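Residue 1 is where the sequence shown starts when you use the UniProt record's numbering, and the numbers rise one by one after that.
Built from N, CA and C at the ideal position, the CB exists for glycine as well.
Bear in mind the structure is a predicted one, so any value in this text is a computation, not a measurement.
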Amino acid sequence: MAGTGGRPRTGPKMTTLTSLRGKSEVVHARRTESQDVHCIKALVRNHTEKIFGRMNVIYLLEKTNLAITLCNEKEEIMAHAAFLDYPNWNVAKQDEWETVFHDLEGASACTPLNTLFLHLFVTVEEYAVGCCKEIISTTFKAVPELHFIYLLIPAHMNLGPTLKTVFEPVGCLPCLTFEEDFAVFVCLRQNYCPRLYIRKARLEDYDDLMPIFLLRDTTLQEIYGEYFLAELIASQDEENHTVVCEDGGIAVGLMSVCSQVNMKMLHRCFDLRTFHGLCRPHPDDVLKPSLQTEEKTSSHAVQKSESDESEPTALPEDSQVEAVKEDGLCQLPDDVAPAEASGDPPDDLKEAETESTISEASPSVRDDGDGDSRTAPPAPLPVGRDEDFHPVYRGASAAFCIQLFCIDEKHETRSLDFMQFVFSLFPEKDYCIISVPHLVPEFILIQNFVRVVPFSNCTLDQELYIFHRAGLLKSIHIRPAKTSDTPAVEKLIKTLVLNKSILDDLKRFNEARRDPDGTPVQAFVAEVLGQIVGISVIRNEMDIEYIRAHYNIEDFIYFSHHQREEHGHLHHFALNPIFKHYSKYFLKEILRLSFKSCLYYPVYPLSREGKFQNPSTHSLTSALHYMVPVRPRRQIVYPLEKLGINAPSKEVSKDQLKYALNHTNRKLMLEPKVTINARIVVVGASNVGISFLETLIFCPHLKFNNLILISIHGLPGKNLLGSETRRFLANDHCFNDEDYALMALYSWVNVVVGKMTAIDRAAKYVMVSKGKKVPYDHLVLCTGQQYQVPCPTGADISKLLTNRETSSKMRYTGPVPSNLFTLNDDEDCLSFTNWLKDNFIDSGGNVIVYGNTIDIYTTVETLLSLGINGSRIHIVQPPLSSNITCLNNYAVEKAIQETLEMADVTVYHDALLAQWNEGNHPDPITCASFTTPTKPFKIQCSAFISFYEKNVDFETFKALNDACLVYDGRLVIDTNFHTNDVTIRAAGPLTKFSSRYYANEWTHSRFSSKEIGFQLAAAMLSIFDPTLDPAIECMWDLDKLIPIYKGAKVQGGCLPGGYHYLHIAKPGIPTPLEVQITQPNFGVQVITGKAKKGNYFRIHINQYHLVETITCFSKKPFPVSNYICLFGQHEQVLNNLCTRYNEGLITDLYSVFVWKMPSATDFLKRKVASTVLMYDSWLGES
């Protein structure tokens, strides 16, 4: 129901079948799954093979377009059917069956769009007839475009009593390979799920329709009264119409339409340039900004998703790369000049009275980096892309709107039947629009519409969808491209950025059918009534071994059942936006005509300038929504030089530019996705936030349109920073640049560059710096904690004060000195590196590193590597808040201390910052004075780096506090991540659990940020994912225990002396290592090497013989990802590590885990060890 709420979550629809003996069975239909194969095979009988032929069921399911299984209440399989888009028994090639079938009497109306072929049907004999009818009915409901289901059997065979009840004979066809004819049977939609009869509504329809409305929602009745529907029907006039659909003389659905549309509001809130503002072209239209406006487009703060190349705003927008944004795909006919655009339909479409065109004045698709720079700092807006500019349309409205829509759930798949009738009511209108609240699930009707992208300043709590009159055409035809298509294709894509690349590939296909290197090329066009409306180019996937090794492609296919030549690589895909709802059909036809079963589409990472790093990048594709993102596999780090001929093949182990992989196959072509328009706003690009977004976008059956990230520097991971910049801060090994490239978050997430300054809980929006409002339906706060500017105590060291006589618990509110740096992320490190090169390295002066975290050591090592003399570096460590040091390992700390002494780095202990510049103006800092437990001191300096303590940023705290969110040192949450506002969740170091749990020390900062983000996403998915059971809130008396997460906490970096450090530990409240060892249930520790020699390796194995802690301290680099996978493993899996260590067989753990993991003659242990190295983390392949 448009604008009144969504459909409630329901389980599978149940149907009762009755056998000839009078027994009944309740069944439901679902998509066939791979684990059904065994049961399906058990249902195969002798007559099944005679009718359908002998077949491999697994292979058939891999190539089927639609497979449906009926199950009873015990989930026992009652029946199964497999449908493909070409006939069985080899009566015709899969790309030529149309011509064969058109010679059959009564089959001339079948097309690839409206036809499927039954390749297998098996059932329990007792309920055979009922199961057959139920599957056929389910198939027609699942595929609204489907009108014919054909079945071919050998002519001499009897169809059987079951299939005879649903199939009618058509004729016979010869076979290509056998000297035998085959009988053709057909099942028609009209017998099971016919088109609905549409007519004008009458008052007597009230009694039929009102129960349908009340079942869905009672809001309208509460607002407008009990008889609002009768009043709506009675008030029809030339501008307002109400129509109903009826089945068997009973009204089962209603649609109210109106020609009065608030165009000013739509133009103000939505970017309608692709559709010329839903208006007729007018000479006074203002489609581009004036010169004065263009000069203002020097920079912008909103980064955009890859999904909208031509949109001027970042949020909220359609998170897919779609040709709807590729303006200009709808071209004017040749005889209409751009300046004279009148909106008249092309000659070849006038007969159908269903097509009008979009003015050629629409802006073109910009270059990949133009306005779409998803890196920091933001790229300037290109000319004509000012986010403040809104086109002005002065022509007459060309749209009418759907005010109210509701239909019985049983007939919902026939919703589109309304459209032809309502368009006939407004012959002068070309567009039908409908708006729905963000939280309403996408129902079947609007799945055929095009979603419109709002402007960034839009606060309208509605999504806008558009349907063009030409979208009713069913004559779309997909075929291989021809040379004569080139002018039409050139006209179609002339505004696209990579139009030259597409035309070059088209020319290559027409001339040679392959690339110069021999790779086959195939090009296909979509044609409607003789007009080219789409183009796609694919190649054979030549890198399939690399894909299989690096991506979890077998989550979606059984690889062994696909020939190498059946894997295709999608390079280009562009489709006229008014035919966007045919995108999946276009893909399905590409697979059929090209004899492919799988398609792959890579998304390469962006560079710092917003350009794709791959110079031969693919064009953006409107098909991305119909593909699924594929998770990358964790890769084993092999010692290739030692393995020699035993190393993996170069195709698998080659080092190439990483990319995010998207995939589709025949099985997915008719698989629906659940579209979620809820505005999910994530504040903070922390590891928790990135993990949360990663989990959402890798849900293959869900599509989130409004994922929005608010971040000071945008998305991380694509800045191509130098290695010296990366080394300033310690690494928690949650994500690296390779991980970000493999995710391609910019394809799915809209990014707002800025800082949260306020939250309006009543209006549900976040205020970002520079006054931008970001509306939300669900807000996720994961800003974390950052190093803050230290506040001097103000102690006058001339009075010889000590730490006891000072107070340091204050927040600094003065001006921040220009040479004081707090390094919190890569951008801070980059800025600091540039400042060092420009102002410090070649000049004199000291640098003070203030703090007592591991970051002081990684920063000092980086400073030394930049060529700064150790005598210029002063480490000042304030008093510890506990008796636990940042490394918590005396051997490692002593080795670092000796290294610092050798490098002439001065270290001060237990010192508090007293004053800058002796209490004078602090900018710039020239000296800093400190107090200690004994004697104060002063250091002259040219730079001051603070790692004193992390805390919640003050502006973030103020925003939370002003929003009346409960804050007690940190933002207070419950065990389900909720704050005191049900629509606001929070996670990560920003938070703490409510005091009622009596667990103040157990905060999210004790656990793996990656795991926290995953669990946060899992908690929210229960709201959106219909395949999951809805979340059940814990009762007050049960919600008393906080969750304990099990993922390892990892810390690493490069420490002074060039030492490579890694520490992997079980999450928990830290205690001194010396205290841990004295505990009776400590377990054992295996230590090899010496920290001073740079070959230290320590493994702690707990009382349950599980690896609990790993510490590496080495002069040589080591495979960190391999070692992380050892966490939590049983020591016997590690080839009885403890036993062999006690026997003196292990003297160097590095060599054990790199080279000598299993015994050379023990195959079983070698297999287990291989499993260990391939073991994925908690967020892995499970």
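Item                                                                                                                            : Value
Where Gly1052 falls, given that 16 or more other Cβ within 10 Å makes a residue buried                                          : buried
Contact under 8 angstroms by Cβ, Leu745 with Leu693                                                                             : yes
Beta-carbon separation (whole angstroms), Pro989 vs Gln785, contact threshold 8 angstroms                                       : 5 angstroms
Contiguous beta strand (DSSP E) assignments of at least 3 residues, all confined to the region 429–467                          : 431–437
Distance CB(Asn72)-CB(Val27) smaller than 8 angstroms                                                                           : yes
Secondary structure, alpha helix (DSSP H): runs of 4+ residues fully inside the region 137–199                                  : 161–164
Collapsed DSSP secondary structure at residue 1194 in the structure displayed                                                   : The requested residue 1194 does not occur in the structure, where the chain is confined to residues 1 to 1182.
When Phe52, Thr242, Gly225 are compared against Leu203, the one with the closest alpha-carbon                                   : Thr242
Counted within 10 angstroms of its Cβ, other Cβ atoms place Thr162 as buried (16 or more) or exposed                            : buried
Residues of its chain near Asn852, where Cβ-Cβ distance is below 7 angstroms and the 5 sequence neighbours each way are ignored : Gln877, Pro878, Leu880, Cys886
Residues that DSSP places opposite Phe595 in a beta bridge                                                                      : Note: Phe595 sits in no beta bridge, so no partner.
Closer than 8 angstroms to chain C by CB, Asn883                                                                                : The displayed structure is made up of one protein chain only, and chain C is not part of it.
Span of the alpha helix (DSSP H) around Thr48                                                                                   : 46–52
Through-space distance from Lys1046 to Ala763, alpha-carbon basis                                                               : 38 angstroms
Range covered by the beta strand (DSSP E) that runs through residue 1190                                                        : What is shown of the chain runs 1 to 1182, which leaves residue 1190 out entirely.
Unbroken stretches of the alpha helix (DSSP H), 4 residues or longer, contained in the region 857–938                           : 890–902
Gly717 beta carbon less than 8 angstroms from that of Phe728                                                                    : no
Met627 - DSSP class collapsed to helix/strand/coil                                                                              : coil
Straight-line gap, Leu856 to Val849 (C-alpha atoms, nearest Å)                                                                  : Checking the displayed sequence, the identity of residue 856 turns out to be Ile instead of Leu. Answer to the nearest angstrom: the Cα atoms are 6 angstroms apart.
Length at least 4, wholly inside the region 785–858: the alpha helix (DSSP H) runs in chain order                               : 826–839
The region 135–152 / the region 62–70 touching (three or more Cβ pairs under 8 angstroms)                                       : yes
Beta carbon of Leu1145 nearer than 8 angstroms to that of Phe944                                                                : no
Supposed close pair Tyr600, Glu541 - CB separation, criterion 8 angstroms                                                       : 6 angstroms
Whole-angstrom distance between Arg592 and Thr32, CA atom to CA atom                                                            : 21 angstroms
Buried versus exposed call for Gln303 [16 or more other C-beta atoms within 10 Å across all chains shown]                       : Residue confidence for Gln303 is low, a pLDDT of 38 falling below 50, so the modelled location carries little weight and cannot support an answer.
Nearest candidate by alpha-carbon position, reference Leu113, set Phe101, Thr931, Thr695, Val143                                : Val143
The region 791–800 in contact with the region 892–910 per 3-pair CB rule at 8 angstroms                                         : no
For Pro338, the three-state DSSP class (helix, strand or coil)                                                                  : Bear in mind that the predicted position of Pro338 carries a pLDDT of just 26, short of 50, making it too unreliable to give a figure here.
Limits of the alpha helix (DSSP H) - the one that Tyr59 falls within                                                            : 57–63
Pairwise C-alpha distance: Phe443 and Ile1023                                                                                   : 17 angstroms
Helix, strand or coil at Val124 according to DSSP, with G and I counted as helix                                                : coil
Integer-rounded CB distance, given that Leu84 should sit under 8 angstroms from Leu43                                           : Contact flag wrong, Cβ pair sits at about 19 angstroms.
Own chain residues within Cβ distance below 7 angstroms of Trp89, not counting five before or after                             : Gly53, Leu152, Cys175, Phe182
Proximity below 8 angstroms, CB of Tyr765 to CB of Lys755                                                                       : no
Pro817 and Trp916 closer than 8 angstroms at C-beta                                                                             : yes
Cβ-Cβ distance between Ala891 and Ala730 below 8 angstroms                                                                      : no
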